[in-house]
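K.L.:
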Amino acid sequence: MGRQQVVQSQFFANLKRYYAFYTGGFISFVVVVGILEQLGVPVKILGYIFLFFTIILYAGIGFMSKTADVGEYYVAGRRVPALFNGMATGADWMSAASFIGLAGTLYHMGYDGLAFVLGWTGGYCLVALLLAPYLRKFGQFTIPDFLGARFGGHLPRFIGIVAAIACSFTYVIAQIYGVGIITSRFTGLEFQVGVFVGLSGILVCSFLGGMKAVTWTQVAQYIILITAYMIPVVWLAVKHTGVPIPQIAAYTSALPKVTALEIELNDKTTVKGAREESVRAIFRQHAAEADAKLKGLAADGARFLAVEKEKLIDDAARLQASPMADPRTVDAAERTVREFPRSVEAAREEWTAEAAMVDRAAPIKPHAEAFAVSGETPEEVEANRAIAKKNFLALVACLMIGTAALPHILMRYYTTPSVQEARVSVFWSMFFIFLLYVTAPALAILAKFEVYSQLVGSSFSSLPAWVSNWAAVDKTLMNIADINKDGIVQLAEIVIGGDLIVLATPEIAGLPYVISGLVAAGGLAAALSAADGLLLTIANAMSHDLYYKMIDPHASTMRRLAVSKGLLLAVALLAAYVTSLKPGNILFLVGAAFSLAASGFFPALVAGIFWKRANWLGAVLGMSLGLGVCAYYMYLTYPFFGVNAPKWWDINPIASGTFGIPAGFLGVIIGSLISPAPSREIQDMVDHVRYPSFDTSISSGIRAR
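Residues 1456 to 2160 in my numbering are what the sequence shown lists, from first letter to last.
(1) Assuming contact is defined by CB atoms lying nearer than 9 Å, are Ala1838 and Gly1830 in contact in what I supplied?
(2) In three-state DSSP terms, what is Ser1777?
(3) Classify Ile1637: buried if its beta carbon has 16 or more other beta carbons within 10 angstroms, exposed otherwise.
(4) Quick one: residues in its chain with C-beta nearer than 7 Å to the C-beta of Ala1709, no 5 flanking neighbours on either side, listed in chain order?
(5) With 16 as the cutoff for other CB atoms within 10 Å, does Pro1540 come out buried or exposed?
(6) Take Leu1979 as the anchor and find which of Ser1553, Val1893, Leu2022 has the nearest alpha-carbon.
(7) Assuming Val2033 is part of the alpha helix (DSSP H), what are its boundary residues?
(8) According to DSSP, is Val1950 part of a helix, a strand, or is it coil?
(9) Note the first and the last residue of the continuous beta strand (DSSP E) segment covering Asn1934.
(10) Please list the segments of the beta strand (DSSP E) lying wholly inside the segment 1754–1823, counting only runs of 3 or more residues, in order along the chain.
(11) Compare the C-alpha of Met1933 against each of Ala1604, Lys1940, Leu1918, Tyr2090 and name the closest.
(12) Please classify Ser2054: does DSSP put it in a helix, a strand, or coil?
(13) Roughly how many whole angstroms lie between the Cα atoms of Leu1435 and Gly2021?
(14) Can you determine whether any heavy atom of the ligand HEM sits closer than 8 Å to the C-beta of Val1582, and answer yes or no?
(15) What are the residues that DSSP puts in a beta bridge with Ile1425?
(16) Starting from the Cα of Ala1981, find the closest Cα among Leu1891, Phe2057, Glu1527, Gly2083 and give me that residue.
(17) Contact defined as beta carbons within less than 8 Å: I believe Ile2116 pairs with Ser2054. What is the distance between those atoms, to the nearest angstrom?
(18) Report the residue from Ala1619, Gly1912, Phe1508, Ala1683 whose alpha carbon sits nearest the alpha carbon of Pro1961.
(19) Is it buried or exposed, Tyr1403, if we count other Cβ atoms within 10 angstroms and call 16 or more buried?
(20) Of the choices Ala1629, Leu1494, Leu2060, Ser2127, whose alpha-carbon is the least far from that of Ala1860?
(21) With H, G and I counted as helix, E and B as strand and the rest as coil, what does DSSP make of Ile1943?
(22) Per DSSP, what are the beta-bridge partners of Ser1914 in this structure?
(23) Please state whether the Cβ-Cβ distance between Phe1571 and Leu1585 is less than 9 Å.
(24) Whose C-beta lies closer than 6 Å to the C-beta of Val2018 among residues of the same chain, with five residues either side of it excluded?
(25) Let me check understanding here. Comparing Cα to Cα, which of Val1836, Arg1878, Ile1679 lies closest to Phe1505?
(26) Give me the residue from Pro2094, Ala1936, Gly1479 with the minimum Cα distance to Ala1675.
(27) Just curious, the alpha helix (DSSP H) that Tyr2093 is in, first and last residue?
(28) Which of helix, strand or coil does DSSP assign to Glu1962?
(29) Using a 10 Å radius around the Cβ and a threshold of 16 neighbouring Cβ atoms, would you call Pro1876 buried or exposed?
(30) Would the beta-carbon of Val1650 fall within 9 Å of that of Ile1631?
(31) Okay, do the segment 1596–1606 and the segment 1512–1520 touch, 3+ Cβ pairs below 8 Å being the bar?
(32) Can you grab the Cα-Cα spacing for the pair Asp1567 / Pro1711, in whole Å?
(33) Do the CB positions of Val1669 and Asp1987 come within less than 9 Å of each other?
(34) What three-state label does DSSP hand Val1698 in the structure shown?
(35) Taking the alpha-carbon of Ala1583 as reference, which of Tyr1706, Ser1639, Thr1858 has the nearest alpha-carbon?
(36) Taking the straight line between their C-alpha atoms, what separation do you get for Val2084 and Met2078?
Written out as structure tokens, the structure is:
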């Protein structure tokens, strides 16, 4: 044991030295790119340099970490020190949602967006208290491994495989979506092409060395992403307040100014407020017209559509015949006829989108006000506020419980040398995640102040270049149109997607392009690190748990790894294809993954560790009910599926776990109580996992199965 500790200490010292050199080298690279920018190298070339340098860097780490050892491929040889496992978990955890989406969500939702911060950070308390140490003591490679051994039989393991694939696949789509946004913006490639280019960087690490390669790559990625996140927000803080600590600058200086601007823009008696109201009135008019058309379409279908088109044709003909008509008006009328929907389905889709413009007609939601809602009467306002509070708490609960049940996060604690290291690793994970999460709310405030004070009120003739650059990537991310034709930018005329707030911050703040490239590299690192872990989780569930444990227990090591790598490639290509269809924004996809994980895994895992009476039937019913109810509610209420059924108790689909988690616990309890208790051997294994002094020999046979 003493020699092992010496070897582990030397390994830890070497790691610190290697990553110190790596950090210095990366800083030198950024300085060199900054010099190239000053020398006049085109920004598109600089974008390619940042993109391909980082991918080649990660590929190099993956190549050096290649392995054919099963223990290293699945759990990095269980040699990862707590500090470095905390950094790897931080990178794995950040993902595109935290790095790219969190500040954007706080930008749009204000106080209500803190549900994500509270849920995601609070979840690590559950990880530390309820799951991580116990699963590490159990050993083995995957979460379905625990389910199969604890509850016995192939069915609990199989349902665990299905749950792992469902939540991980949903999560990985969000990461690849982030990769596509970054790649297309900084290389000029189409989004669909950028998705597959970025995919190559995801695959190269996990494909060559499995968890070993992913772990050491994620440590490198964390260094890049936290550096990239901090520099722009510190710069913004200094620019607006002269204080280099963003949290102080945002809350003591920028937030009061944002609040004052919100009041001015909502006040119709001020010049700015009157301009905003003129735009909102146009949106209300368009929404009312679209709503009336939808009612006509529902009543008379194709006939109503034909009558509406005939009216437009007559209007265009009258304008053409009038010698006084403005040619631009005539052209607009003819274009309206050409672009008129060709079918009832197309008309319904277009007019539904126009009817949603009523949301843009609403007053500005105060950033600092909790549960800020609107309504026609005081009673309606209170009812809407109650719904907002309910969804806030539901989302916090789903994210907390989902955090404690995500397979790719729990797998990280299988890689530490001991149970004690797993506990310490949770602390380091929380610390490294805290660095970003305490900064994201400040970034949202500073970015909002920049937009309110610099962009709003400016002239359309002098829009900054970043507006057109991001609009070229995706008009749902960036779009500014002169709705009231006054030539001045109003806030209601600006569409900024939450997924670009962080990536565009350097450009919004007027920083050198090298900083934009650095932020893009950070976002890429966040998305790649999470995607690596997620794809590996899916491939391992299919190759280790399904193929090796259930189909061919006698498969050789080489065959098992070959199957894992083949499945990894297939799943990655399928995920990239689904991502190219743009099924939703990053944060919703991630939230959906958390609800699925919380519903499918958490009840069975907690009961399996803390309730010896929990048995095979309880696990099967609990996981099936939890996952099924959660997925069914998403299907009913998420617009992508087109069902649009009424919400249950007004809960948003992102918090579908609100129904799946209780269903899961109910299934575990009922199934366990109506069927025989587990064997004495299984109950002894539970004691072994929970209590340090329990004899380890009695459960070794079970865990080996």
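Even glycine gets a Cβ: it sits at the ideal position worked out from N, Cα and C.
P.N.:
In short, the structure shows the following:
(1) Yes, they are a contact pair.
(2) coil
(3) buried
(4) His1695, Thr1696, Ile1900, Leu1901, Phe1904
(5) According to the sequence provided, residue 1540 is Asn. The question's Pro does not apply to it. Burial of Asn1540 is indicated by the presence of at least 16 other C-beta atoms within 10 angstroms of its C-beta.
(6) Ser1553
(7) 2012–2035
(8) strand
(9) 1933–1935
(10) none
(11) Met1933 has its Cα closest to that of Leu1918, out of Ala1604, Lys1940, Leu1918, Tyr2090.
(12) helix
(13) The question about residue 1435 has no answer here: the residues shown for the chain are numbered 1456 through 2160.
(14) Only the bare structure without any ligand can be found here, which leaves the ligand HEM out of the picture.
(15) Residue coverage of the chain in this structure runs from 1456 to 2160, which leaves residue 1425 outside it and unanswerable.
(16) Leu1891
(17) Between Ile2116 and Ser2054 a beta carbon distance of about 5 Å is seen, short of the 8 Å cut, so the two are scored as contacting.
(18) Ala1683
(19) Outside the displayed span of the chain (1456 to 2160) sits residue 1403, for which this structure offers no information.
(20) Leu2060
(21) Strand at Ile1943.
(22) Ile1943
(23) no
(24) Ser1998, Tyr2002
(25) Ile1679
(26) Gly1479
(27) Here Tyr2093 belongs to no alpha helix (DSSP H), and DSSP marks it neither H nor E.
(28) helix
(29) Residue 1876 is actually Glu in this sequence, not Pro. Buried, since its Cβ has 16 or more Cβ neighbours within 10 Å.
(30) yes
(31) no
(32) The C-alpha of Asp1567 lies about 18 Å from the C-alpha of Pro1711.
(33) Cβ atoms of Val1669 and Asp1987: closer than 9 Å.
(34) Val1698 carries a coil assignment under DSSP once its states are collapsed to helix, strand and coil.
(35) Thr1858
(36) 10 Å
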